Amino acid sequence: MKSSRSLYIMCHIPVFCWIAATVLERMLGEAESGEIPKTLTQMFTQFLIFQIKHKDQKYHGKCDTDTGQTREMILALGKLAFQQLETGNLIFYEEDLRECGIDVREASVYSGVCTQIFREELGLHPGKVFSFVHLSVQEFLTALFVFFSFISQNRNVLENQTHSKSTVTDFLKSAVDRALQSENGHLDLFLRFLLGLSLESNQTLLRGLLTQTGTSSNCREETVEYIKEKLRENLSPEKYINLFHCLNELNDHSLVQEVQTYLNRGDYRCLGEVPLSPAQWSALVFVLLNSEEELDEFNLRKYDPSEECLLRLLPVVTASRKAELWDCGLSERSCAALASVLSSNSSSLRELDLSVNSLCDSGVTLLSAGLEDQHCKLETLRLSGCDLSERSCAALASVLRSNSSSLRELDLSGNSLCDSGVTLLSAGLEDQHCKLETLRLWDCSITEKGCKALVKTLKLNPSHLRELGLGWNEPGESGVKMLSALLEDPHYKLEKLHLRTPFTGSMHRYTGGL
Numbered sequence: 000m001k002s003s004r005s006l007y008i009m010c011h012i013p014v015f016c017w018i019a020a021t022v023l024e025r026m027l028g029e030a031e032s033g034e035i036p037k038t039l040t041q042m043f044t045q046f047l048i049f050q051i052k053h054k055d056q057k058y059h060g061k062c063d064t065d066t067g068q069t070r071e072m073i074l075a076l077g078k079l080a081f082q083q084l085e086t087g088n089l090i091f092y093e094e095d096l097r098e099c100g101i102d103v104r105e106a107s108v109y110s111g112v113c114t115q116i117f118r119e120e121l122g123l124h125p126g127k128v129f130s131f132v133h134l135s136v137q138e139f140l141t142a143l144f145v146f147f148s149f150i151s152q153n154r155n156v157l158e159n160q161t162h163s164k165s166t167v168t169d170f171l172k173s174a175v176d177r178a179l180q181s182e183n184g185h186l187d188l189f190l191r192f193l194l195g196l197s198l199e200s201n202q203t204l205l206r207g208l209l210t211q212t213g214t215s216s217n218c219r220e221e222t223v224e225y226i227k228e229k230l231r232e233n234l235s236p237e238k239y240i241n242l243f244h245c246l247n248e249l250n251d252h253s254l255v256q257e258v259q260t261y262l263n264r265g266d267y268r269c270l271g272e273v274p275l276s277p278a279q280w281s282a283l284v285f286v287l288l289n290s291e292e293e294l295d296e297f298n299l300r301k302y303d304p305s306e307e308c309l310l311r312l313l314p315v316v317t318a319s320r321k322a323e324l325w326d327c328g329l330s331e332r333s334c335a336a337l338a339s340v341l342s343s344n345s346s347s348l349r350e351l352d353l354s355v356n357s358l359c360d361s362g363v364t365l366l367s368a369g370l371e372d373q374h375c376k377l378e379t380l381r382l383s384g385c386d387l388s389e390r391s392c393a394a395l396a397s398v399l400r401s402n403s404s405s406l407r408e409l410d411l412s413g414n415s416l417c418d419s420g421v422t423l424l425s426a427g428l429e430d431q432h433c434k435l436e437t438l439r440l441w442d443c444s445i446t447e448k449g450c451k452a453l454v455k456t457l458k459l460n461p462s463h464l465r466e467l468g469l470g471w472n473e474p475g476e477s478g479v480k481m482l483s484a485l486l487e488d489p490h491y492k493l494e495k496l497h498l499r500t501p502f503t504g505s506m507h508r509y510t511g512g513l
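Going by numbering that gives the first Met the number 0, the first residue of the sequence shown is number 0, and it counts up by one from there.
This is the structure in structure tokens:
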């Protein structure tokens, strides 16, 4: 499975694991089983073939039965899948099956494809309820029905029209357009299957179901070029990624190979020297997201330390656990984009380093909107040297007060926060929802007054903060005494206090005993 990354990354879906195991077990156990599937369409095609053979052996005692009857049944299920996918239904009832010409008793025979679910329901539907074992199976059967309808009847059911002079290429282009118009992406996987079924190699596998084939090499080439044209348009990251999956189903890897040549050089900084086209940027995202390497850390400087590069590679940031974006010339524009990443329920980001970028208070205010979102899982945020003032402290205090905040470590060193900023930040630290364990405020123009505010805060909420960095500030002797006293009191969790005076340069590291 690892040899095909597009298949391997789907193994986090339990039902797909079952489908893959079913197919591979059968193919590896047969002497003349053919080539192991490398695309999603090949895998699901082999799965359908297995289900048909399994049904025939179980209920008829042999593999070769009436192919016409089997075709009629599968296409009826495909029609059901299509109609329900169009309306967004994942479950359906006996009358839905009957409308598609399906005998309810016959549907239960296909236990691997259409599962019968018994449940009690008050009101209009006390009877049996049906669903496909997984949405992907429903989407595959939809693609099979839509493709069969066109090549056998020259009917494009996506547009509910019959075109006597329409070519397969025109039909596939219309499907691409229809999928791109879908705001929720409910046709994305269907499109991958449909394009995969347009290959003659996959049609050959289904020759018992498809009475004729309807594709040429020119059709494939024209469809590939059309998809590449779409990749030059302004699409959402999700649409870009799906179009590359579509190219993979069509066995075209040219764009990916172009970008791979850059990556294989080892000097990724050449990306900033050699302008990439929008399609190539999308290919780079696709390559990185489908890399065999785990997306543990994303370092923007590895590619091109610029705002443009960050915005292009934002889907990779979303999929990474840690993002190193320090000293990359970023501005508040990047903060707005990163806020959308943090608020995404699919974000894996836990650590974010934005140090040495001129984000200013306006940028942190934008970023805070994402930090306060209920989906944000960020635990470490570094904002040292970002031209921040007390206004940023007010925004971050609001984040710390949020009951959805997961922040454990915050670095604001090298910013002119002053005592007023620390006082504002303390309002967040003393809140019961604050989970911060490490706070670094090195070189922030803090005096005894600011230290006093911190001590007061830690006494009000002693439950979390374990490490406090205040080096290169001016706490004064009394400030040092107040802070170090917290280490000696077992009531407080503070374990480490870092101080360095700007006058002597001496380092004072206090460690409390627990």
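Where is the CB? At the ideal position from N, CA and C, for every residue including glycine. Bear in mind the structure is a predicted one, so any value in this text is a computation, not a measurement.
Under DSSP, no beta-bridge partner is assigned to residue 217. Counting only runs of 3+ residues, no beta strand (DSSP E) is found wholly inside the region 138-213. Here residue 475 has 446, 447, 450 as same chain residues with Cβ atoms under 8 Å from its own Cβ, once five neighbours each way along the sequence are excluded. Buried is the label assigned to residue 80, since at least 16 other Cβ atoms lie within 10 Å of its Cβ. Bridge pairing for residue 473: 446 [DSSP].
Here residue 399 is near residue 427, since their CB atoms are less than 8 Å apart. Inter-residue distance for residue 250 and residue 227 is about 14 Å (C-alpha atoms, whole angstroms). Just so you know, the alpha carbons of residue 13 and residue 5 end up roughly 16 Å apart. Nearest in C-alpha terms to residue 422, of all of 83, 477, 440, is 440. One alpha carbon belongs to residue 73, the other to residue 140, and they sit about 8 Å apart.
Within the region 420-446, the complete beta strand (DSSP E) segments of 3 residues or longer fall at 437-439, listed in chain order. According to the DSSP assignment, residue 391 belongs to no beta strand (DSSP E) but to the alpha helix (DSSP H) extending over 389-400.
Residue 244 is classed as buried because its beta carbon has at least 16 other beta carbons within 10 Å across all chains shown. By the Cβ-count criterion, residue 195 is buried, with 16 or more other Cβ atoms from all chains shown falling within 10 Å of its own Cβ. For residue 298, the three-state secondary structure derived from DSSP is strand.
Contact holds between the region 338-350 and the region 364-380, because three or more Cβ pairs, one in each stretch, are under 8 Å apart.
By the CB criterion at 8 Å, residue 333 and residue 371 fall outside the cutoff. Nearest C-alpha to residue 133 among 25, 88, 155: 88. Apart from sequence neighbours up to five positions away, the residues of its chain that approach residue 463 with a beta-carbon distance below 7 Å are 433, 434, 435, 436, 492, ordered along the chain. Per DSSP, the beta-bridge partners of residue 379 are 350, 408. Under DSSP, the beta-bridge partners assigned to residue 322 are 297, 351.
Its Cα nearest to that of residue 207, the residue 52 stands out among 52, 184, 402, 131. Nearest C-alpha to residue 164 among 175, 157, 149, 174: 149. A distance below 7 Å between beta-carbons, with the five flanking residues on each side excluded, links residue 454 to the following residues of its chain, in chain order: 481, 482, 485. Contact between residue 241 and residue 41 does not hold, since the beta-carbon distance rounds to 18 Å and is not under 8 Å.
Between residue 255 and residue 282, the C-beta gap is smaller than 8 Å, which places the two residues in contact.
Scanning its chain for C-beta atoms nearer than 6 Å, with the 5 sequence neighbours on each side dropped, one finds around residue 471 the residues 441, 442, 499, 501, in chain order. The DSSP-derived three-state label of residue 277 is helix. In the three-state reduction of the DSSP assignment, residue 27 falls in the helix class, which pools H, G and I. Assigned with DSSP and collapsed to three states, residue 231 falls in coil, not helix or strand. Rounded to whole angstroms, residue 16 and residue 175 show a C-alpha spacing of 28 Å. Residue 391 sits buried, since 16 or more C-beta atoms from the chains shown fall within 10 Å of its C-beta. Cβ neighbours of residue 354 within its own chain (closer than 6 Å, five residues either side excluded): 325, 381, 383, 384. Here residue 295 really is in contact with residue 321; their C-beta atoms are around 6 Å apart, less than 8 Å.
With respect to residue 35, residue 26 sits close: the two C-beta atoms are nearer than 8 Å. Residue 312 and residue 363 have their alpha carbons spaced roughly 21 Å apart.
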